[in-house]
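Everything below concerns the one structure shown next.
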Amino acid sequence: MAHLGFDALTLDTQHGAIDAGEMLGVLQAISTTDVVPIVRVAWNDPALIMKALDLGAWGVICPMIESADDVRRFVRACRYPPVGVRSYGPTRGRLTHGDAYARVANDEVLAIAMIETRGALEEIEVIAAVPGLDGVFVGPADLSQALGGPPGADWDDGPVPAALERIVSAARDAGIHAGIYTRSVPYARRMRALGFRFMTVGGGDLDLLAMGAREVLAGMARNDERTG
């Protein structure tokens with residue numbers, strides 16, 4: 000997957016069935032390429048955040064952010080002192096950056112807060128402006144439910160579209176990037192036109208596998224029609 004041309008790959012430890020040992024192996028594989036390895040942690044827990052970074056993540060997505068205080072705690076866990084509280088013990092970082100790892104990590108590790116609750120939406124302008132935050136990432140299913148709708152993604156109606164415009168505007172005003180989960184390439188393109196700077200397409204590697212399989216089957220069916 001890392002050799003296909005993606006800018007980044009995200010390991011989902013919130014909803015995905017992956018433990019620390021498996022995460023290490025995947026992060027090692029990604030590190031053989033220029034792809035940015037990102038981990039979505041299960042919660043805003045410094046221990047989980049620091050473990051992901053020590054194993055080789057260069058970005059962390061933190062779910063269920065509700066307030067600017069939540070973001071400050073998250074960002075501090077991603078940074079070494081004096082700007083943060085991350086404990087020094089990079090399992091893999093020292094192999095690539097030596098003694099410079101702490102400085103490089105403080106400059107380059109991405110801290111991305113998920114916006115998926117009513118509280119986060121109501122505080123989005125304040126959240127986006129927290130120093131050290133690099134981006135926000137919309138979880139459309141949880142956000143829709145929080146606003147009274149059903150779970151899902153790729154919304155064209157209901158309360159989510161207006162919320163997306165507000166999130167993009169807040170991120171732009173704060174000088175950070177906004178991202179979003181999408182189910183399809185056409186919708187991802189529309190979100191890019193709206194102002195989102197990074198998109199996840201499909202629900203993960205299994206969805207991408209299914210999308211590729213459907214394309215193969217559809218192509219073979221078209222060939223049968225021409226030759227039958």
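For the record, in the sequence shown the residue sitting at position 155 is 154 according to numbering that gives the first Met the number 0, with numbers rising by one throughout. For glycine and all other residues, C-beta sits at the position ideal for the given N, C-alpha and C.
- Cβ shell of Met-198 (< 7 Å), same chain only, five flanking positions each side left out: Gly-178, Ile-179, Thr-181, Ala-187, Met-190, Arg-191
- Query: According to the neighbour-count rule (16 or more other Cβ atoms, all chains shown, within 10 Å of its Cβ), is Ala-16 buried or exposed?
  - Reply: exposed
- Task: Return yes when the Cβ of Leu-54 is within less than 8 Å of the Cβ of Leu-26, no when it is not.
- Result: yes
- beta strand (DSSP E) containing His-176: first to last residue? 176-181
- Query: How would you label Pro-130, buried or exposed, when you count the other beta carbons within 10 angstroms and need 16 or more for buried?
  - Reply: exposed
- Note down, in chain order, each residue of its chain lying with its Cβ closer than 7 Å to the Cβ of Ser-86, except the 5 sequence neighbours on either side. Met-49
- Query: Smallest Cα separation from Val-59: which of Val-215, Gly-134, Asp-68?
  - Reply: Gly-134
- Find out if the Cβ-Cβ distance for the pair Leu-146, Arg-117 is shorter than 8 Å. yes
- Message: Using only the alpha-carbon positions, how far apart do His-96 and Thr-90 sit?
- Response: 12 Å
- For Val-70 versus Ala-28, is the C-beta distance shorter than 8 Å? no
- Query: Which runs of the alpha helix (DSSP H) fall wholly inside the segment 97-182 and span at least 4 residues, in chain order?
  - Reply: 100-107, 117-121, 123-127, 139-145, 159-173
- Query: From Pro-150 to Ala-161, what does the alpha carbon distance come to, in whole angstroms?
  - Reply: 16 Å
- Message: Looking at the strands, I want to know which residues DSSP matches up with Ile-37.
- Response: Thr-9, Gly-58
- Message: On the DSSP letters alone, give me the boundaries of the alpha helix (DSSP H) that Val-70 sits inside.
- Response: 67-77
- Item | Other residues of its chain near Leu-193: CB distance less than 8 Å, five sequence neighbours each side excluded | Leu-163, Glu-164, Val-167
- Message: Bridge partners for Val-200 per DSSP, in chain order?
- Response: Thr-181
- Query: What is the DSSP secondary structure of Leu-272, counted as helix, strand or coil?
  - Reply: Residue 272 falls outside the range modelled here, since the chain spans only 0 to 227, and no answer is possible.
- Rounded separation between Val-82 and Pro-45 - CA only: 15 Å
- Item | Pairwise C-alpha distance: Gly-92 and Tyr-100 | 6 Å
- Which word fits Asn-43, buried or exposed, when buried means at least 16 other C-beta atoms lie within 10 angstroms of its C-beta? buried
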